[in-house]
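These protein sequences, in sequence, are chains A and B.
Note that the numbering used here gives residue 7 to position 5 of the first sequence, counting from 1, and the numbers run on in steps of one.
Note that the numbering used here gives residue 120 to position 118 of the second sequence, counting from 1, and the numbers run on in steps of one.
Glycine included, C-beta positions come from ideal geometry on N, C-alpha and C.
In this text the structure is predicted, and so the values were computed from the model without any measurement.
Protein chains: 2
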Amino acid sequence: MKPAPEELQRRMNHFKEGFKHSGVKLTHQRLEICHEVGKSGDHPDAEAIYRSVRKRIPTVSLDTVYRTMWLLLDLGLITTLGPHRGRVRFDANISSHHHFVCTKCGLIHDFYSEEFDHLKIPGDVKALGSVEKAHVEFRGLCLRCSKKKRKT
Amino acid sequence: MKPAPEELQRRMNHFKEGFKHSGVKLTHQRLEICHEVGKSGDHPDAEAIYRSVRKRIPTVSLDTVYRTMWLLLDLGLITTLGPHRGRVRFDANISSHHHFVCTKCGLIHDFYSEEFDHLKIPGDVKALGSVEKAHVEFRGLCLRCSKKKRKT
DNA sequence: GTTTATGCAAAACCTTTGCATTTTG
DNA sequence: CAAAATGCAAAGGTTTTGCATAAAC
Numbered sequence: 003m004k005p006a007p008e009e010l011q012r013r014m015n016h017f018k019e020g021f022k023h024s025g026v027k028l029t030h031q032r033l034e035i036c037h038e039v040g041k042s043g044d045h046p047d048a049e050a051i052y053r054s055v056r057k058r059i060p061t062v063s064l065d066t067v068y069r070t071m072w073l074l075l076d077l078g079l080i081t082t083l084g085p086h087r088g089r090v091r092f093d094a095n096i097s098s099h100h101h102f103v104c105t106k107c108g109l110i111h112d113f114y115s116e117e118f119d120h121l122k123i124p125g126d127v128k129a130l131g132s133v134e135k136a137h138v139e140f141r142g143l144c145l146r147c148s149k150k151k152r153k154t
Numbered sequence: 003m004k005p006a007p008e009e010l011q012r013r014m015n016h017f018k019e020g021f022k023h024s025g026v027k028l029t030h031q032r033l034e035i036c037h038e039v040g041k042s043g044d045h046p047d048a049e050a051i052y053r054s055v056r057k058r059i060p061t062v063s064l065d066t067v068y069r070t071m072w073l074l075l076d077l078g079l080i081t082t083l084g085p086h087r088g089r090v091r092f093d094a095n096i097s098s099h100h101h102f103v104c105t106k107c108g109l110i111h112d113f114y115s116e117e118f119d120h121l122k123i124p125g126d127v128k129a130l131g132s133v134e135k136a137h138v139e140f141r142g143l144c145l146r147c148s149k150k151k152r153k154t
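If you want it as structure tokens, here you go:
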């Protein structure tokens, strides 16, 4: 499910705009990393991005990939899937429930909703496999983080 | 948001049943680990569980905690937050979208839905903070994994 | 008693950091 | 040119593994 060429173009512009806007330098490496991430249809990890970029810039290093990805994340130009930076967390609550996640501090709060437990599954999702559970995640800032001054 | 005592009891029974059913041994350590996880209202990482359990079994080791958690996961008695074991993955798709996640192989597939983009936010969630985005995740087995024989 | 799980220590793995060098604006 | 970013190598943190000992069935 790779993005169409126009979509990639749009993403690249968005990345470049974001960089300029925040005054960070548009280096060769960063642009190539953005290009790789932007054209990926799956959800690559740092290693995968590193491998791809290395085809074009053989001297690029893995830590530059990480630095660039966290930069993109801080600028709100990408999101991450999975655990808040590294650690796996476990959920003992096997009854169906949903989460509010603070994008800043990583706080996760459970909530329950009959309605969300039984969301209608779209046809194109049914085609992907058998759905066992629906899980809704609301992302935003928790009260505590809202109070702190924003950095922008 | 710790579970009520009855709920903890229910969870413990569920854990024990699951263990017996699959023929793994009900060791002292495993039961204590289950107890700690079961009574946790937040979403602890391995280290946090380890620290708690060590108060009761000072000689317990961190790797036993990990082994037990993965066992619980394999038996479907807990879930993890974040799709796959450990690695951070990045998502270049900044337009609002949702995911189908295969709980077995970790495959993640994007899909779009106007409806899910604008889910009504429950009152108790509003009280937690400001919601910026809604994200729906359907979990199940992808076609490929459904075809493979189940291990049970 | 046999099989399975544990604890330890060491390894493997993923991510970050410090610093000299290079590149960007 | 000044400020910021890169690459390298080494460190930091998390998770896994091998193996002898101990515990469960």
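Given that residue i touches chain B, what residues does it touch there, using C-beta distances under 7 Å?
i: K149 of chain A; result: Simply none; closest approach about 10 Å.
i: H45 of chain A; result: R91, F92, D93, I110
i: S63 of chain A; result: Within 7 Å Cβ-Cβ: nothing; S63 of chain A doesn't reach chain B, min ~17 Å.
In whole angstroms, what is the alpha-carbon distance linking residue i and residue j?
i: A70 of chain B; j: N15 of chain A; result: Note that residue 70 of chain B is Thr in the sequence shown, not Ala. Near 47 Å, if we compare the C-alpha coordinates of N15 of chain A and T70 of chain B.
i: V39 of chain A; j: V62 of chain A; result: 15 Å
i: C36 of chain B; j: H137 of chain A; result: 24 Å
i: K57 of chain A; j: G20 of chain A; result: 25 Å
i: E34 of chain B; j: V26 of chain B; result: 15 Å
i: E9 of chain A; j: L121 of chain B; result: 26 Å
i: F113 of chain B; j: Y114 of chain A; result: 24 Å
i: Y52 of chain A; j: W72 of chain B; result: 29 Å
i: L28 of chain B; j: M3 of chain B; result: 28 Å
i: S54 of chain B; j: S54 of chain A; result: 42 Å
i: Y68 of chain B; j: I59 of chain B; result: 15 Å
i: K149 of chain B; j: E116 of chain B; result: 31 Å
i: I123 of chain B; j: I123 of chain A; result: 19 Å
Do the CB positions of residue i and residue j come within less than 8 Å of each other?
i: H100 of chain B; j: F118 of chain B; result: yes
i: L145 of chain B; j: G125 of chain A; result: no
i: A94 of chain A; j: V90 of chain B; result: no
i: F140 of chain A; j: V133 of chain B; result: yes
i: H45 of chain B; j: L83 of chain B; result: yes
i: L143 of chain A; j: T105 of chain A; result: yes
i: P5 of chain B; j: G43 of chain B; result: yes
i: S98 of chain A; j: K128 of chain A; result: no
Quick one: list the residues of chain A neighbouring residue i, beta-carbon separation under 7 Å, in chain order.
i: V39 of chain B; result: F92, A94
Please name the residue, chosen from the options, that lies closest to residue i on a Cα-to-Cα basis.
i: F17 of chain A; options: B:L64, B:G43, B:K149, B:I96; result: B:I96
i: K41 of chain A; options: A:G142, A:V67, A:R12, A:V127; result: A:R12
i: F92 of chain B; options: A:E139, A:G78, A:L143, A:P7; result: A:G78
i: K22 of chain A; options: A:C104, A:R53, A:L74, A:L143; result: A:L74
i: Q31 of chain A; options: A:L143, A:T66, A:A129; result: A:T66
i: G108 of chain B; options: B:C147, B:A50, B:M3; result: B:C147
i: S24 of chain A; options: A:D76, A:I123, A:E116, A:K149; result: A:D76
i: A50 of chain A; options: A:I59, A:K149, A:L64; result: A:L64
Quick one: which chain B residues come within Cβ less than 9 Å of residue i?
i: C144 of chain A; result: L130, G131, S132
i: A136 of chain A; result: V138, E139, F140, R141
i: A48 of chain A; result: R89, V90, R91, F92
i: C104 of chain A; result: L130, G131
For residue i, go through chain B and note every residue whose CB falls closer than 8 Å to its CB, in chain order.
i: M3 of chain A; result: H111, D112
i: R13 of chain A; result: A94, I96
i: P124 of chain A; result: F113, S115
Which residues of chain A have a Cβ atom closer than 9 Å to the Cβ of residue i, listed in chain order?
i: L121 of chain B; result: E117, F118, L121, V138, F140
i: L79 of chain B; result: A94, I96
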